[in-house]
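J.: First, the structure itself, so that you have it in front of you.
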Amino acid sequence: MKKRIFSGIQPSGDLTLGNYLGALRNWPRFQEDYDVVYSIVDLHAITIKQDPKLLHERTLLNLALYMAAGIDPEKSILFIQSQVAEHTELCWILACHAYMGELSRMTQFKDKSSRINQNDSIPSGLFNYPTLMAADILLYQAELVPVGEDQSQHLELTRDLALRFNNAYGKTFKIPQGHFNPFGAKIYDLQNPTAVMSKSSENKNGILFLMEEEKSLRKKIARSVTDNLGKIHYNDDQPGVKNLLNIYALLSNKTIDKTLLHFQEKGYKELKDEVSEVVLNELLPLQKRTREYLNDPTELKKIYEKGADKARVLAKPTLDDVKNKLGFVL
Ligand code: TRP
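With the first letter of the sequence shown counted as 1, position 239 gets the number 1367 in our numbering; the numbers rise by one all the way through.
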């Protein structure tokens, strides 16, 4: 039996090169050795206000992007979270076992709720976000969860909830482990290279979006912030240069040492030009493949319906076991 992997990305903003290098690009590799389940977690996205039309478009776009990145819906389970009702059901049950105290300690909750406009109230869904994430993972008995470091607290909570439930009602859930980005490196904002490149940042000039036009990608890379040392070294005193070197190394499949050797006698202009080349070499074909999937909505629909069917087959036995243990009449 292969180990099962679960991961998801929210369709809450346009995906960036950071999402790609940190997650999407690595996910297809798991398909060979693991039993993988990948989801577009739209239920998570609505914890922050979304425009319905945009949410709809982005959900389908992300589905197409996942496949363009190499996730094969025949080898993997690829589905849209809101189409599998078991997620919301288990979320409620777990919410009845999660404590206000532990949820209040989640740094992402504190961070996201502090960014909500002073005059607006904080939706309780935002508070329960990690409970839904726990439901996603536990429903499939996933053992491994590839995520960024920013999700490690949510993963710890998932493990706590699983253990708490197992202790109270008998062994029900596998205890999952985080899989923290073994291949990628964190990609930083090109304008502010000490902050991660995030799809939700205000200033879009430092963010490379996966579906962005060639001209605009080139411009952003050419204008990326470096420093006035004028030397290509790989260290934290030169976060802008380091970030560009990371992008180059990852996309050209070279080690950092090889990359440094390659740029030894070169200047920032050449570094940026070559980063542009590797970025465009990767993204333009990705964009083309994505558009091909989007141009065939009938086929796309077949894919996500089949994905949801396969997901339900795995989710239902766990949920039934949970309900049975709680005393629900089945
Ligand atoms: N919270 C994750 C993030 O923002 C997205 C997510 C939702 C997720 N459910 C998940 C990731 C389950 C892994 C497993 O990155």
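Heads up, the beta-carbon is just placed ideally off N, CA and C, and yes, glycines get one too.
Starting from residue 1159, trace the alpha helix (DSSP H) both ways and give me its first and last residue.
T.: 1155-1161
J.: Answer yes or no: does any C-beta atom of chain C fall closer than 8 Å to that of residue 1369?
T.: Structure shown: chain C not included; a single protein chain is present.
J.: Among residues of its own chain, excluding the 5 on either side of residue 1147, which ones have a beta-carbon nearer than 8 Å to its beta-carbon?
T.: 1137, 1327, 1338
J.: Would you please state the rounded distance, in angstroms, between the beta carbons of residue 1133 and residue 1158? I believe it to be under 8 Å.
T.: 5 Å
J.: What are the start and end residues of each continuous alpha helix (DSSP H) run of 4 or more residues lying completely inside the region 1299-1345, in chain order?
T.: none
J.: Can you confirm whether the region 1336-1356 touches the region 1398-1407 when touching is taken to mean that 3 or more C-beta pairs between the two stretches lie within less than 8 Å?
T.: yes
J.: Which value, in whole angstroms, describes the spacing of the CA atoms of residue 1300 and residue 1294?
T.: 6 Å
J.: Could you check how far apart the C-beta atoms of residue 1168 and residue 1187 are, in whole angstroms? I think they sit under 8 Å.
T.: 5 Å
J.: Below 6 Å CB to CB, which residues in the same chain sit around residue 1253 once its five sequence neighbours on both sides are set aside?
T.: 1175
J.: Here's the rule: buried if 16 or more other CB atoms are within 10 angstroms of the residue's CB, otherwise exposed. What is residue 1517?
T.: No information on residue 1517 is available, as it lies outside the stretch 1129 to 1458 that the chain covers here.
J.: When burial is assigned at 16 or more other CB atoms within 10 Å of the CB, is residue 1413 buried or exposed?
T.: exposed
J.: Since residue 1410 and residue 1379 are thought to touch, with beta carbons under 8 Å apart, how far apart are those beta carbons, to the nearest angstrom?
T.: 5 Å
J.: Which residue wins for smallest C-alpha separation from residue 1391, given the options 1368, 1418, 1361, 1419?
T.: 1361
J.: Spatial neighbours of residue 1093 within its chain, please: C-beta separation below 6 Å, excluding the five flanking residues on both sides.
T.: Look at the range of the chain in this structure, 1129 to 1458, and you will see that residue 1093 is not part of it.
J.: Given 8 Å as the limit, is there contact between the region 1433-1453 and the region 1256-1272, that is, 3 or more CB pairs closer than that?
T.: In short, these stretches touch, since the Cβ pair count reaches three.
J.: What did DSSP end up calling residue 1175 once you bin it into helix, strand or coil?
T.: Residue state for residue 1175 is assigned as coil, using DSSP reduced to three classes.
J.: In angstroms, rounded to a whole number, what distance separates the CA positions of residue 1278 and residue 1323?
T.: 13 Å
J.: Per DSSP, residue 1274 forms a beta bridge with which residues?
T.: 1307
J.: Would you decide whether residue 1215 is buried or exposed? Buried here means 16 or more other CB atoms lie within 10 Å of its CB.
T.: buried
J.: Please report the straight-line C-alpha distance between residue 1150 and residue 1250, rounded to a whole angstrom.
T.: 29 Å
J.: Below 8 Å, how does it come out for the region 1222-1233 and the region 1367-1382: are there three or more Cβ pairs, yes or no?
T.: no
J.: Since residue 1545 sits in a beta bridge, which residues does DSSP pair it with?
T.: For the chain, the structure presents residues 1129 to 1458; residue 1545 sits outside this window and is missing.
J.: Is residue 1156 near residue 1435, with beta carbons less than 8 Å apart?
T.: The beta carbons of residue 1156 and residue 1435 sit no closer together than 8 Å.
J.: Compute the beta-carbon to beta-carbon distance between residue 1196 and residue 1421, rounded to the nearest angstrom, for a pair I have assumed lies under 8 Å.
T.: 7 Å
J.: Spell out the partners DSSP gives residue 1136 in its beta bridges.
T.: 1167
J.: Does the distance between the C-beta of residue 1134 and the nearest non-hydrogen atom of the ligand TRP fall short of 7 Å?
T.: Yes.
J.: At which residues does the alpha helix (DSSP H) containing residue 1184 begin and terminate?
T.: Residues 1180-1196.
J.: So, at 6 Å on beta carbons, what are the nonlocal neighbours of residue 1423 in its own chain, with the 5 sequence-adjacent residues on each side left out?
T.: none
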